[in-house]
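A.B. asks: In this text, residue positions in the sequence shown follow the numbering used here: the first is 455, and each later residue adds one. Using N, Cα and C, we set each Cβ at its ideal position, and we do this for glycine too. Bear in mind the structure is a predicted one, so any value in this text is a computation, not a measurement. One structure, as structure tokens, below. Some questions next.
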Amino acid sequence: MSDFKIIVDSSCDLPSSFVEAVNADVASLVISLGERVFRDRKDITSHELFDRIKETHILPATSALNVNDLTELFKVALSQNKLVIFLTVSSKLSGLYEKAIFAREQIPDKDRLVILDSQQISSGIALLAMAIRRDLDSGKGLDQIIASHKDRVPKVHMSFVIDKLDHLNHGGRCSGLTFFIGSKLRLHPIIAVDKGEMAVRKLVTKTNIDKGIDIMVQEFKDDLEKGNVDLSYPILIPTCLCPNGVKRMLHDLTPLVGEKILFPVEASAVIASHCGSNAIGLAYMKRVAD
Numbered sequence: 455m456s457d458f459k460i461i462v463d464s465s466c467d468l469p470s471s472f473v474e475a476v477n478a479d480v481a482s483l484v485i486s487l488g489e490r491v492f493r494d495r496k497d498i499t500s501h502e503l504f505d506r507i508k509e510t511h512i513l514p515a516t517s518a519l520n521v522n523d524l525t526e527l528f529k530v531a532l533s534q535n536k537l538v539i540f541l542t543v544s545s546k547l548s549g550l551y552e553k554a555i556f557a558r559e560q561i562p563d564k565d566r567l568v569i570l571d572s573q574q575i576s577s578g579i580a581l582l583a584m585a586i587r588r589d590l591d592s593g594k595g596l597d598q599i600i601a602s603h604k605d606r607v608p609k610v611h612m613s614f615v616i617d618k619l620d621h622l623n624h625g626g627r628c629s630g631l632t633f634f635i636g637s638k639l640r641l642h643p644i645i646a647v648d649k650g651e652m653a654v655r656k657l658v659t660k661t662n663i664d665k666g667i668d669i670m671v672q673e674f675k676d677d678l679e680k681g682n683v684d685l686s687y688p689i690l691i692p693t694c695l696c697p698n699g700v701k702r703m704l705h706d707l708t709p710l711v712g713e714k715i716l717f718p719v720e721a722s723a724v725i726a727s728h729c730g731s732n733a734i735g736l737a738y739m740k741r742v743a744d
């Protein structure tokens, strides 16, 4: 039996090279395309998702694991590990956290199971998972780990720029009026995660998302100049079929921090379901919360 296991849900865009280092398991969320149901990261990738959307002209819907599935997941993990930490996508964006809390109550040895709300999505969750692994390695007690996590949550910067609004509109993340206006004016929203919720920080009116990338890079530069980027953590670039955006961001960021801590990562199919193709994000850990 190992000492611990960190479990993240599949909306966590953790680079594959870090999964083993974090000692993480991934719980697959559910994606529906018409009558077909897929387990994220097991049955379908973001690339395969977009291929199916082109074939079927159906936009996907996503859902969390049910309580029975979570209970079984926790029982198996606890049979193999002394401590299990389940880090979920933001509770303000999904019902997964609440379901996990309920599932925990069904387990006799629940004291060895900790449920933490990331208040993040995508690579924002990944940074917090890495931080929890550091706490475990440093020998922090459970109370310290929970307190440190709560302190770190507002230090995570996670933003992304979206090319089209149709996926957000279908998933209920933007109103019909916003979708109509945005489509007519060709708006590209820059969305940031703030206190667990997605908020539109800026709207860019250009034919492509390059201006949005420039704005995200400039925000990073501003934090870097203020000494408010913790460079002991990687800088993650989650992307949904946006190779040109990745090249542009790497070109701008590499002279600032070098290439060793820059990690483009393919977003999960769940994240792609809400962002659509040609979307790109930027996630990093700040030293001090805003």
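Have a look at Pro608, Tyr687, Glu720 and flag the residue whose alpha-carbon is nearest the alpha-carbon of Glu713.
C.D. replies: Closest option to Glu713, judged by alpha-carbon separation, among Pro608, Tyr687, Glu720: Tyr687.
A.B. asks: Give me the residue from Ile575, Asp457, Thr499 with the minimum Cα distance to Ile691.
C.D. replies: Ile575
A.B. asks: Answer with buried or exposed for Val476, where buried requires no fewer than 16 other C-beta atoms within 10 angstroms of its C-beta.
C.D. replies: buried
A.B. asks: Using the Cα positions of Leu550 and Val543, report the straight-line distance between them to the nearest angstrom.
C.D. replies: In a straight line, the C-alpha of Leu550 is about 7 Å away from that of Val543.
A.B. asks: Give me the residue from Ala518, Leu468, Ala481 with the minimum Cα distance to Leu527.
C.D. replies: Ala481
A.B. asks: Going by beta carbon distance, what residues of the same chain come within less than 7 Å of Leu537, once the five residues before and after it are set aside?
C.D. replies: Asp457, Phe458, Arg566
A.B. asks: Compute the distance between the beta-carbons of Ala737 and His611, then report whether it is under 8 Å.
C.D. replies: Yes, these two residues count as a Cβ contact at 8 Å.
A.B. asks: Here's a check: name, in chain order, each residue in its chain whose Cβ is nearer than 6 Å to the Cβ of Ile663, leaving out the five neighbours to either side.
C.D. replies: Val615, Asp617, His642
A.B. asks: Out of curiosity, what's the CA-to-CA distance linking Ile725 and Asp479?
C.D. replies: 18 Å
A.B. asks: Is the beta carbon of Ile435 less than 8 Å from the beta carbon of Gly699?
C.D. replies: The structure shown has nothing for residue 435, since the chain only spans 455 to 744.
A.B. asks: Within the region 520-602, note down every full beta strand (DSSP E) run reaching 3 residues or more, in order along the chain.
C.D. replies: 535-542, 567-571
A.B. asks: To the nearest angstrom, how far is the alpha carbon of Val647 from that of Gly578?
C.D. replies: 9 Å
A.B. asks: Just verifying my parser: in three-state terms, what is the DSSP assignment at Ser727?
C.D. replies: helix
A.B. asks: Candidates Lys564, Asp563, Ile569, Pro562: which alpha carbon is nearest Lys553's?
C.D. replies: Ile569
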